[in-house]
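In our numbering, the protein residues as written are 490 to 845.
Here a beta-carbon is modelled for each residue, glycine too, at the ideal position from N, C-alpha and C.
Source: prediction; values computed, not measured.
Working notes, structure below.
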């Protein structure tokens, strides 16, 4: 017996972007939420609520957009739809920290006729460039930044292209300024040396490069380390405990033994998955270089010589030596990477599907 294959009827499909905020109870004390709100989706599964079942708080939600209504499809037939949305310019970036998390998701809801809604959530990453909100955009599109090697586009595509060019230009101007920054490294016993860095504003995917000169030092430096750290601080009114310490996380680190070394350098990459600095009403994220130096006040007797002049000379380190350790922090700024580079790197093959 042959079974007749019938057409499928889909009632509708909608798409919406939302940002979920999660706060760690060990670090943050949030005001009590309004418990009077009732999740109607728990009883009625025909209502489109993109963040249904999420344990965190939804702090941003774009208006839902309809992809189609009353769609009838034949067996093995396929259709495609495009979705475009603009996020508010003051939105927080994607961030997964120790105290808070900001997670963006694109939720697509689809409903079969007389059936519950099926949801598909696709996470994605958002980068935010601070200062863009206060920038005075050109009123005349003719003077707006544009790429002369690309064909002119119409409508929103043209404006989006101008916005990408503008962000690229602002990032290039902010991170291309080079000026010599010299710092004297010293402790209570005297000067250890000098540190040189040519800029303190970087983009994600750049390398932080610095050099040391120990020839000008009065006391020997035995070892140094440089760490690229992220500083996550919570505003005082949201702290779980008064005087709560700031949390730090190390991304890259360089360590080197430098006894009898005249000059040295380091290069720390800012990884593509890093979050640029930002500030919200709850948390502030900053970047710094954290230095640690191990010095000794015993300039003589560092190495001992055994044997006579006619025999081989053997250098032996001393068994014990008195050392001092001190640290120093240098704040830096980390901005998003070039949006063209970010979009190019993010073009990896992925598949997300739901069964209706």
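Check                                                                                                                             : Outcome
Given residue 571 as reference, the closest of 597, 551, 580 once Cα atoms are compared                                           : 597
Whole-angstrom distance between residue 842 and residue 580, CA atom to CA atom                                                   : 28 Å
Burial state of residue 559, where buried means 16 or more other Cβ atoms lie within 10 Å                                         : exposed
Contact under 9 Å by Cβ, residue 775 with residue 762                                                                             : no
For residue 516 and residue 757, the rounded distance between their alpha carbons                                                 : 29 Å
Residue 825 versus residue 692: straight-line alpha-carbon distance, rounded                                                      : 6 Å
Start-to-end residues for the beta strand (DSSP E) that takes in residue 518                                                      : Taken as a continuous stretch (DSSP letters only), residue 518 belongs to no beta strand (DSSP E), as it is neither H nor E.
Delimiting residues of the beta strand (DSSP E) encompassing residue 609                                                          : 606-613
Nearest-angstrom Cα separation, counted from residue 498 out to residue 820                                                       : 59 Å
Helix, strand or coil at residue 689 according to DSSP, with G and I counted as helix                                             : coil
Residue 642 versus residue 652: straight-line alpha-carbon distance, rounded                                                      : Here the model assigns residue 642 a pLDDT of 47, short of 50, so the residue's position is not dependable and the matter cannot be decided.
Pair within 9 Å by beta-carbon distance, residue 511 and residue 539                                                              : no
Whole runs of the beta strand (DSSP E) within the stretch 533-597, excluding any shorter than 3 residues                          : 546-550, 554-562
According to DSSP, residues forming a beta bridge with residue 758                                                                : 696
Under the three-state DSSP convention, the category residue 778 falls into                                                        : strand
Near the ligand HEM: residue 569 beta-carbon under 8 Å from a heavy atom                                                          : As presented, the structure is devoid of all ligands, the ligand HEM included, so that no description of it is given.
Beta-carbon contacts of residue 546 that lie in its chain and below 6 Å, excluding the five residues immediately before and after : 510
Best match in 734, 594, 682 for proximity to residue 751 [C-alpha to C-alpha]                                                     : 682
Touch test, the stretch 735-746 against the stretch 712-723, Cβ-Cβ under 8 Å, three pairs minimum                                 : yes
Pick from 845, 814, 768 that is closest to residue 723, judged by C-alpha positions                                               : 768
The beta strand (DSSP E) enclosing residue 710, as first and last residue numbers                                                 : 710-723
Exposure of residue 518, with buried meaning 16 or more beta-carbon neighbours within 10 Å                                        : exposed
Reduced DSSP category for residue 616 - H, G, I as helix; E, B as strand; rest coil                                               : coil
Short Cβ contact (9 Å threshold) for residue 773 with residue 587                                                                 : no
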